[in-house]
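Working notes for the structure below.
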Amino acid sequence: MKTEINGSTLELMTGDITKVKTDAIVNAANGTLMGGGGVDGAIHRAAGKKLLEECKQVREKQLNGEKLPTGKAVITGGYHLPAKHVIHTVGPVWNECDEDQEELLAGCYDHSLKLAAEINASSIAFPSISTGVYSFPIDLAAKIALQTITDFLMTYDFGRVMMVLFSQKDYEIYAAALKRNDRAI
Ligand code: AR6
Numbered sequence: 549m550k551t552e553i554n555g556s557t558l559e560l561m562t563g564d565i566t567k568v569k570t571d572a573i574v575n576a577a578n579g580t581l582m583g584g585g586g587v588d589g590a591i592h593r594a595a596g597k598k599l600l601e602e603c604k605q606v607r608e609k610q611l612n613g614e615k616l617p618t619g620k621a622v623i624t625g626g627y628h629l630p631a632k633h634v635i636h637t638v639g640p641v642w643n644e645c646d647e648d649q650e651e652l653l654a655g656c657y658d659h660s661l662k663l664a665a666e667i668n669a670s671s672i673a674f675p676s677i678s679t680g681v682y683s684f685p686i687d688l689a690a691k692i693a694l695q696t697i698t699d700f701l702m703t704y705d706f707g708r709v710m711m712v713l714f715s716q717k718d719y720e721i722y723a724a725a726l727k728r729n730d731r732a733i
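In this note's numbering, the protein residues as written are 549 to 733.
So, in structure tokens, the structure goes:
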């Protein structure tokens, strides 16, 4: 499913993000940037050891040894991936009592898109951030993701944004949210 927003394209597809040839793919990482399970593990396996080495450098030099805060993003090379760059972001862990989590999830998409624009990327692919291990409800996550991407595309002349969903069920949830998305008017 594809929609045009202000001259750019927002596209939903099913697939494995490690196989997508694009300027940047986004990793649903954790604050350590040292890899993990889910899409993070898949990206590190496909990119090879040099990705972890660069992540260690980013931790030391850009983050002064601290963890990457939730909702923020950093960029590295793609190494053995077909994507040129990997943008690592940390989604919120779902917790019903936390009022900031919607804003934090929106921050993941917004900061990743802005980093991509800074390096003059014109294509980017996102996984469904926080909806695996971090248990964010996928209906709400889809709404936040698509609204934030739409708001960005209404402001920036970007190119192509893809949401790469790992199952048909996730794809259908995002497709329903895209049909309801009224931000692109
Ligand atoms: N391509 C596209 N999507 C994928 C792929 C893939 N190859 N593999 C999994 N997904 P998750 P989170 C989907 O758990 O919830 C890690 O351990 C998956 O089906 O990867 O943000 C990190 O180190 C789900 O829909 O990320 C963190 O500790 C979505 O990607 C933690 O998990 C996100 O699921 C982050 O949890």
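Just so you know, even glycine gets a beta-carbon here, dropped at the ideal spot from N, CA and C.
Query	Result
Who are the Cβ neighbours of alanine 690 in its own chain at under 7 angstroms, not counting the five residues just before and after it?	Ile721, Tyr722, Ala725
Assign isoleucine 573 to one of three DSSP states: helix, strand, or coil.	strand
At a cut-off of 7 angstroms, is proline 617 close to the ligand AR6 when judged by its beta-carbon and the heavy atoms of the ligand?	no
Looking at alanine 594 and valine 638, is the spacing between their C-beta atoms short of 8 angstroms?	no
Any idea which residues DSSP pairs histidine 636 with across the strands?	Asn575, Val622
Assuming isoleucine 697 and leucine 558 make a contact with CB atoms under 8 angstroms, what is their CB distance in whole Å?	6 angstroms
Should glycine 655 be labelled buried (16 or more other beta-carbon atoms within 10 Å of its own) or exposed?	buried
Does the beta-carbon of threonine 624 have 16 or more other beta-carbons within 10 angstroms, so that it is buried, or is it exposed?	buried
Between the alpha carbons of serine 670 and methionine 549, how many angstroms are there, rounded?	19 angstroms
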